Amino acid sequence: MIAEFEARFGPILEKRTLGEKKVLYTIMARPEDFQNMVRSLLAGQNVRLFTMVGTDERAVEDAFSITYWFADTSKGELLGVRLYVPEDKPVFPSVAQFHRGALWFEREVQDLLGVEAEGLPDRRRLILPDDWPEGVYPLREDFKYSESPPGEKRYPYARPPEGTSVHAIGPYHIALDEPAHFRLFVRGEEIVGVDYRGFYSHRGIEKLARGRLNYNQVCFIAERICGICGFCHSTAYAQAIEEAAGIEVPERAEYIRTLLLELERLHSHFLWIGVAAHLVGFDTAFMEVWRIRERVMWLAERLTGNRKTYGLVVVGGVRRDLLDYRRELVERELDVMKREFNDVVEFLLSSAGFIKRCEGVGVLSKEKARAWDTCGPVARASGVDYDVRRDFPYAAYRDLSFEVPVEKEGDVLARAIVRIEEVRQSISIIKQVLDAMPGGGILADFGDIPEGAEGISAVEAPRGENVHYILAGDRNTIYRWRVKAATYNNLQTVPDMLVGYTIADAPLIIASIDPCYSCTERVQVVDIESGKSKVVRLGVGICR
Amino acid sequence: MTKAYPFEPEEAPPEYRGIPWIDPVLCIGCGACANACPPNAILRIDDPENGTRRIVLDVGRCIRCARCEEVCPTGAVRLTAEFEAATDDRNDHVEIVELRLARCRGCGKYTCYTERQVEKVLSLIPRGILDFDRVREKLPLCSECKLKLTVLNATKFGEVEP
């Protein structure tokens, strides 16, 4: 991908090498070529839109920068195309016109940075609350970290098609575990259209890293992006910083990270299989799977000190060593887990009810999966053979052998089978990690993080790729931290998956991507006000 | 399989990081924990009028990362094995350690460090290497008096014109 691109557009671009097979091109002369570049890149067989970063670089460059990152999954190459958008006319040509996967990225950059994509098919607000005033952009440098301007507005929902009625799932609904609003346009029982409104729990984490945290504190906040794949987020963040600052992580730390990443995958997939069984009304399997999941949480507690693998990654390595007695615990638990899991899967897949509810439901074709840049088990169930662990190896995955399960059908059952197979692979990976665990230190020594250094890193979370991008600021701070969670792309496909099925299938289809809304919603610290005149404020420390 | 948990105690494993607790006897009020805390669960609040410093720990905001425990110079902050944080009063989540600020030897105002910090620093200085009593004499100085003393010393040695 890089060689072809270089041959075609190289002369008019400024090139910057970030790492092995990682380059960034900056458009200097003719911004009108931008769309052609993106088109030619996306025409590649295995090229996907990795992430998109909008940065307020007015302090340095007198412009906003928009960077599209592309990944060639067959060659393991990463390529960024950076476009500078002038401050007085913040407009750039939209990519979402011809590549749907870019839609949310462009809506987000329009919301948070005030940079508009010309020709964007859906110009509505994505992230900011409905009552946020026009023309106030929280990610700009001149916006105060603590501000929260008042306003009043209603959200322009899509108009239901003729002869249909609206059935709302969310923001709070028994079939959803986090706030999200799906407006189903139904004719009788059949879903004919869907409108999605989310980002009800945006937490301002990117701004937090810019405004208040130092680079090592971010690790612990990054973990809180997601309730399940927290370790993946902090690892991806740490890797991005390590790449930017050129820190060599000790091998033992990488192996420990791998072990915990896989433990987290086990946890997440057990959770999902349980939820799926519950949503089809098969609660015995649900309880059984969650009983096994408890073993993973117990193990995480012994390994990391927290039931959810929290607080272990720091920039440069990990904080706790895998002592011999802990290693024995892992080995013992894994054997039990493997045996019990095989029994449960046999029990689950022999249930005709479960199969009937899942088979042929929520089908996502390979073309659509590629058009939306889906990732993780959702993409793999639709026949997209892509796994960050194999295609962009990080931590210890280079030295380990594992298979990437791929299915063709693209229905809920295929997604379940991909996850079940991944659980088996994870167990085998953990065994290999334990066998090959090298000695040595677990934390690297390093100096300052050079100003202006950039790093981009991805981690295969249980749901797909988590991409973290870092632009270092002065005095060891972070200038821009961009998080793209797996659900960000997967959630955009849900409306496509829902159309054509019945309301009864909707919760299962939504759950089948294993949605994690908080992963997607990264911004806003909230003051909780309770009852009457009593105000309970978090974070002030003294309560009155 | 089912446990009678709320009615019989459940113990956390030895590796567990539970609710943090500040030992008020050991705490010197340096605020290293407040600097390290990612979610701002620990705050350092000075009252220069009354001469007190409060280290305020809000367990409701704590994420149990144990960074405070790592940076504490006296081992005052410890993460306990306690995990039950449910309460109907948010004040139960707040622990406050109040310490006296040291008075400046020059002007008599309160400085921006505590008496215990001064003691700690003095205890760290090895006797015999430095003129201990002279250091003892100068130590609790506010930043203004320190500045004045520096200028005074500089003029004494002819570095700056008086």
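Residue numbers (the working numbering), protein chains in the order written: chain A, 1 to 544; chain B, 545 to 706.
Where a beta carbon is used, it is the ideal one built from N, C-alpha and C, also for glycine.
Only a predicted model underlies this, so the values are computations on that prediction, with no experimental measurement involved.
Between A:GLU454 and A:LEU24 the beta-carbon gap is near 7 Å, inside 8 Å, which marks them as a contact. The region 336-346 of chain A makes no contact with the region 256-264 of chain A: fewer than 3 CB pairs, one atom from each, lie closer than 8 Å.
With fewer than 16 other beta carbons inside 10 angstroms of its own, A:GLU4 counts as exposed. Using a Cβ distance threshold of 8 Å, A:GLU248 and A:ALA7 do not count as a contacting pair.
A:VAL459 is a Cβ neighbour of A:CYS232, given a cutoff of 8 Å. Within a 10 Å sphere around the beta-carbon of B:PHE551 sit fewer than 16 other beta-carbons, which makes this residue exposed. A straight-line Cα-Cα distance of about 10 Å links A:PHE270 and A:GLU264. Using a Cβ-Cβ cut-off of 8 Å, B:CYS609 is close to PHE220, TYR310, GLY311 of chain A, given in chain order. Among the residues of chain B, those whose CB is under 8 Å from the CB of A:LEU213 are PRO582, following chain order.
A Cβ-Cβ distance of about 6 Å is found for the pair A:VAL378 and A:ARG415, placing them in contact under the 8 Å criterion.
In the structure shown, A:TYR479 adopts extended strand secondary structure according to DSSP, grouped into three states. When rounded, the separation of the alpha-carbon atoms in A:ALA371 and A:SER350 is 34 Å. Inter-residue distance for A:ALA209 and A:ILE478 is about 7 Å (C-alpha atoms, whole angstroms). In this chain, A:ALA472 is not harboured by any alpha helix (DSSP H); it is covered by the beta strand (DSSP E) spanning 464-472. In this structure, A:GLY19 and A:GLU242 do not form a Cβ contact; the two beta carbons are roughly 10 Å apart against a cut-off of 8 Å.
Residue range 215-222 is occupied by the alpha helix (DSSP H) that includes A:TYR215. Shortest Cα-Cα distance from A:PRO156 to any of A:TYR196, A:TYR200, A:GLY80, A:ASP177 involves A:TYR196. Using a Cβ-Cβ cut-off of 8 Å, B:TYR654 does not count as an interface residue toward chain A, since no Cβ of chain A sits closer than that to its own.
Around the CB of A:PHE282, 16 or more other CB atoms lie within 10 Å, so the residue is classed as buried.
Proximity of B:GLU559 to chain A, defined by a Cβ-Cβ separation below 8 Å, is satisfied. Judged by DSSP in its simplified three-state form, B:THR699 adopts helix.
For a cut-off of 8 Å, the C-beta gap from A:ASP373 to A:ARG48 is around 5 Å, short enough to register as a contact.
Here DSSP, grouped into helix, strand and coil, assigns A:TRP372 to coil. Nearest neighbour of A:LEU126 by Cα position, chosen from A:TYR200, A:GLY362, A:ALA168, turns out to be A:TYR200. Going by DSSP, A:MET37 is part of the alpha helix (DSSP H) stretching over 34-42. Remark: C-beta atoms of A:LEU312 and A:SER426 do not approach each other more closely than 8 Å. At a cut-off of 8 Å between beta carbons, A:GLY305 contacts chain B. According to DSSP, A:PHE92 shares a beta bridge with A:ALA117. Between the region 351-358 of chain A and the region 486-493 of chain A there are fewer than three C-beta pairs closer than 8 Å, too few to call the two in contact. The contact set of A:ARG210 on chain B, defined by CB atoms closer than 7 Å, is empty, because the minimum CB distance reaches about 15 Å.
Annotation: the region 123-151 of chain A contains no complete segment of the beta strand (DSSP E) (minimum length 3 residues). For the 8 Å CB-CB criterion, B:ARG597 and B:ARG588 form a contact. The region 176-216 of chain A is shown to contain whole alpha helix (DSSP H) runs of 4 or more residues at 205-211, in chain order. A:PHE70 sits in a strand when the DSSP states are folded into three classes. B:ARG622 sits close to B:PRO564, with the two beta carbons spaced by under 8 Å.
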